[in-house]
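Numbered according to the working numbering, the sequence shown spans residues 866 to 1191.
Glycine included, every Cβ here is placed at the ideal spot set by N, Cα and C.
Remember, it's a predicted structure, so these values are computed and weren't measured experimentally.
Here's the structure we're looking at; comments come further down.
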Amino acid sequence: MYYSTMKVAVLTSGGDAPGMNAAARAFIRRAIWEGYEAHGIYHGYEGLLAKEIKKLTSRDVGMIINQGGTFLGTSRSERFKTDEGRQEAADILKAKKIDALCVIGGDGSFRGALNLSEVYKGQIVGIPGTIDNDIPGTEYTIGFDTAVETAVWAIDKIRDTALAHGRLFLVEVMGRNSGQIALSVALSCGAEDVVIPEEKNNIEGMVKRIREGREKGKRFGIIVVAEGHDEGGAIKLAQTMEKDYGLESKVSILGHIQRGGTPSSYDRVWGSRMGEAAVRFIKNQYTNVFTAMKGGQLVPAYLKEAVSGIRTVEPEMVQLVRIVGS
Ligand code: ADP
866 MYYSTMKVAV LTSGGDAPGM NAAARAFIRR AIWEGYEAHG IYHGYEGLLA
916 KEIKKLTSRD VGMIINQGGT FLGTSRSERF KTDEGRQEAA DILKAKKIDA
966 LCVIGGDGSF RGALNLSEVY KGQIVGIPGT IDNDIPGTEY TIGFDTAVET
1016 AVWAIDKIRD TALAHGRLFL VEVMGRNSGQ IALSVALSCG AEDVVIPEEK
1066 NNIEGMVKRI REGREKGKRF GIIVVAEGHD EGGAIKLAQT MEKDYGLESK
1116 VSILGHIQRG GTPSSYDRVW GSRMGEAAVR FIKNQYTNVF TAMKGGQLVP
1166 AYLKEAVSGI RTVEPEMVQL VRIVGS
């Protein structure tokens, strides 16, 4: 009897995140260890549509575990959002005889993967890779730890200037729809306050707390602002605070430095573990699942769970920032 070799492929999609390389590397090497033929699809769904598919060896993924970004490249693909685009992608995967596809990315990429499953008959497994840690159904997404470390590193420097000049700084961190980064950064930096999209911002209360702090002898302050909060970013918030409350501040926007850079060991470990788990899930016949961390363990969770609703922040964390930063 003739058995054909199982063919698997991996792509990275959407925003890049440190640790994606560790995940792709582990996926490729575990697949080869299993006896599968492993392929890399370059530049996300757009690259899939352009047939940028290459068979990879273990050596092809050497020297990447310590690199940020993604060696496969990534993209945002409008074509893949259309029914025709996804049908074309499914036809390409079928023609290339790819039995299983691993998608490393955020909730948008997972939504795309789930929609692809309507026309692609192979298995699909996701690995949560986004610095935002905002995917429902998993306690962790690859890249978060490195992004938080980078922001903390930057704010530690800003703090020196804030202290020297006795200034209040509003530092904007990433998080269009999620305050996860802002909360961890604020707590790690000993910030006085945190402003996140999930919470209606009470500027009056914030200004009051800062003034009380000054009366108690605080000479400077740091407020961490998630870019997506309802006031519209740190610059607008600073303008409102000055115009309406006469409170001056300096603004620093950390921006894209939070995305790249050498992945932390935490992201390398969990990237590797999730990459390995993805192959195991494929071997065990799972489909439309992703490698989810639940209670500190990696388990298969349905992609549906990841694309339904939003991951909520713990209100106690917000309170904790204010208590320990007061
Ligand atoms: P992330 O995966 O980091 O959340 P995006 O939201 O930009 O990033 O999504 C990445 C890509 O996934 C998009 O450019 C698009 O090709 C695909 N995608 C997102 N949402 C959908 C959808 N509803 N249907 C099909 N494809 C989608």
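Worksheet item: Near R951, which residues of its chain fall below 7 Å by C-beta distance, leaving aside the five closest residues on each side in sequence?
Response: Closer than 7 Å at the Cβ level, and outside the excluded window around R951, lie F945, N980, L981 and V984.
Practice prompt. Could you tell me how far apart the beta carbons of V1186 and A1051 are, in whole angstroms, since I believe they sit closer than 8 Å?
Written response: 5 Å
Discussion item. Quick check: G879 and S942, are their CB atoms within less than 7 Å of each other?
Written reply: no
Item to complete: Can you have a look at M928 and say buried or exposed, based on whether 16 or more other CB atoms are within 10 angstroms of its CB?
Response: exposed
Practice prompt. Measure the beta-carbon distance from A887 to S1137 and round it to whole angstroms, keeping in mind my assumption that it falls under 8 Å.
Written response: That pair is a contact at about 5 Å.
Worksheet item: For the ligand ADP, which residues count as neighbours when the test is a C-beta closer than 6 Å to any heavy atom?
Response: S878, G879, G880, Y910, R941, S942, F945, K946, G970, G971, D972, G973, S974, R976, G977, N980 and T995
Worksheet item: What number of angstroms, rounded off, separates the C-alpha of I1088 from the C-alpha of H1121?
Response: 19 Å
Worksheet item: Where do the N-terminal and C-terminal ends of the alpha helix (DSSP H) with Q1184 fall, by residue?
Response: P1180 to V1189
Practice prompt. For Y1005, name the three-state secondary structure that DSSP assigns.
Written response: Coil, per DSSP.
Discussion item. For the pair the stretch 990-1008 and the stretch 1062-1075, tell me if three or more CB-CB distances fall below 8 Å.
Written reply: no
Discussion item. Could you check whether T935 and T877 sit closer than 7 Å to each other, using their CB atoms as the reference points?
Written reply: yes
Worksheet item: Would you call T1177 buried or exposed, if buried means 16 or more other Cβ atoms sit within 10 Å of its Cβ?
Response: By the neighbour-count criterion, in which a residue is buried when 16 or more other Cβ atoms sit within 10 angstroms of its Cβ, T1177 is exposed.
Worksheet item: Considering only C-alpha positions, which residue in the set Y907, I930 and K1101 is nearest to K919?
Response: Y907
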